[in-house]
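The structure under discussion appears below in the form of structure tokens.
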Amino acid sequence: MIAELIVLGGAILILLAGIGVVRFDDALARMHALTKATTLGLLLVLLGAAIDLHDPNDITSLILAAALQVLTSPVSAHLIGRATYRARSIDARVDVVDELDAPNA
Amino acid sequence: MTLAILLVLLGAAGCFAYRLGRGPSLADRIIAVDGLLVTGVAAIATYAMRTGNGSFVPVAVIVSLVGFVSTAIVARYIEGRDV
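These protein sequence lines map, in sequence, to chains H and Z. At position 104 of the first sequence (counting the first as 1) the number is 107 in my numbering, and the numbers step up by one without a gap. At position 39 of the second sequence (counting the first as 1) the number is 42 in my numbering, and the numbers step up by one without a gap.
Set out below in structure tokens:
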């Protein structure tokens, strides 16, 4: 029961990430919503499944999947953000300071 | 209970599929693909819970790896293009 509640919480976080990806109006904001919410959501889902399953083989596979998610999610978010910035597809408003555009950057 | 979890994940997959179809930029589409793969990994874990059979759990590891590699490759590909 505890395991199922944890998995349900993680699934709801993933659903919130989906709603954010639909509703935000900028590629960077969408990437932000996706990365943060799905990292914790998927970790909760895999934790709940690891509590529920009994075979050590399955549990180690779930731990490996969780470790891969934690390691790769920030990297892919960074790559997407950098590609979006270099493609100049962010609508920089007048009051925004573009710190990456500094002369000595 | 696991059916409710799978329905929540189906809703999330619908949101990501909408963004995958609408775009507008290539970065938005790769974000949506990333979300769909995460939803798939979560669905595989939930399926293993529902059936008590962990045969598909290694597939979650593979899907997670493939998702990262595809995101990295497409991000390098679209870098410097005008979307």
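Beta carbons: idealized from backbone N, C-alpha and C, even for Gly. Values in this document were obtained by computation on a predicted structure and should not be read as measured data.
When you compare the CB positions of residue i and residue j, do they come within less than 8 Å of one another, or not?
i, j, result
"Leu-49 (chain H)", "Ala-16 (chain Z)", "no"
"Ala-7 (chain Z)", "Leu-8 (chain H)", "no"
"Gly-16 (chain H)", "Gly-44 (chain H)", "The sequence as given places Leu at residue 16 (chain H); Gly does not occur at that position. The answer is yes: Cβ separation under 8 Å."
"Ala-46 (chain Z)", "Leu-68 (chain Z)", "no"
"Glu-55 (chain H)", "Ala-20 (chain H)", "In the sequence under discussion, the amino acid at residue 55 (chain H) is Asp, which differs from the Glu named in the question. No, these two residues do not count as a Cβ contact at 8 Å."
"Ala-51 (chain Z)", "Ile-83 (chain H)", "no"
"Val-78 (chain H)", "Tyr-21 (chain Z)", "no"
"Val-2 (chain Z)", "Ile-33 (chain Z)", "Given that chain Z is displayed from residue 4 to residue 86, the structure contains no residue 2 (chain Z) and the question cannot be resolved."
"Gly-14 (chain Z)", "Leu-18 (chain H)", "yes"
"Ile-81 (chain Z)", "Ala-40 (chain H)", "no"
Leaving out the 5 sequence neighbours to the left and right, which residues in its chain are closer than 8 Å to residue i when beta-carbon positions are compared?
i, result
"Val-73 (chain H)", "Thr-42, Leu-46"
"Gly-57 (chain Z)", "Ala-51"
Can you tell me whether DSSP reads residue i as helix, strand or coil?
i, result
"Gly-26 (chain Z)", "coil"
"Val-99 (chain H)", "coil"
"Ala-108 (chain H)", "At Ala-108 (chain H), the pLDDT of 49 sits below 50, so the modelled position is not reliable and the matter cannot be decided from this model."
"Asp-28 (chain H)", "coil"
"Met-34 (chain H)", "helix"
"Leu-56 (chain H)", "coil"
"Glu-7 (chain H)", "helix"
"Ala-68 (chain H)", "helix"
"Ala-90 (chain H)", "coil"
Among residues of its own chain, excluding the 5 on either side of residue i, which ones have a beta-carbon nearer than 6 Å to its beta-carbon?
i, result
"Ala-108 (chain H)", "Bear in mind that a pLDDT of 49 at Ala-108 (chain H), under 50, signals an unreliable position, so the number given afterwards is only what the model happens to contain. No residues qualify anywhere along the chain."
"Ala-80 (chain H)", "Met-34, Thr-38"
"Arg-53 (chain Z)", "Thr-5"
"Val-60 (chain Z)", "Ala-51"
"Gly-13 (chain H)", "Gly-44, Leu-47, Val-48"
By Cβ distance, which residues of its chain are closer than 7 Å to residue i, with the 5 residues on each side in sequence left out?
i, result
"Phe-19 (chain Z)", "Ala-35, Gly-38, Leu-39, Thr-42"
"Leu-10 (chain Z)", "none"
"Val-44 (chain Z)", "Ala-63, Val-66, Ser-67"
"Ala-36 (chain H)", "Ala-20, Gly-23, Val-24, Phe-27"
Task: Stretch pair the stretch 61-69 of chain H + the stretch 54-74 of chain Z: three plus CB contacts closer than 8 Å - done: yes
Open item on the list: Check whether the stretch 26-39 of chain H and the stretch 51-65 of chain H touch, using three or more Cβ-Cβ pairs below 8 Å as the test.
Closed with: no
- [ ] Enumerate, from N- to C-terminal direction, the unbroken beta strand (DSSP E) stretches of 3 or more residues contained entirely within the stretch 38-67 of chain Z.
- [x] none
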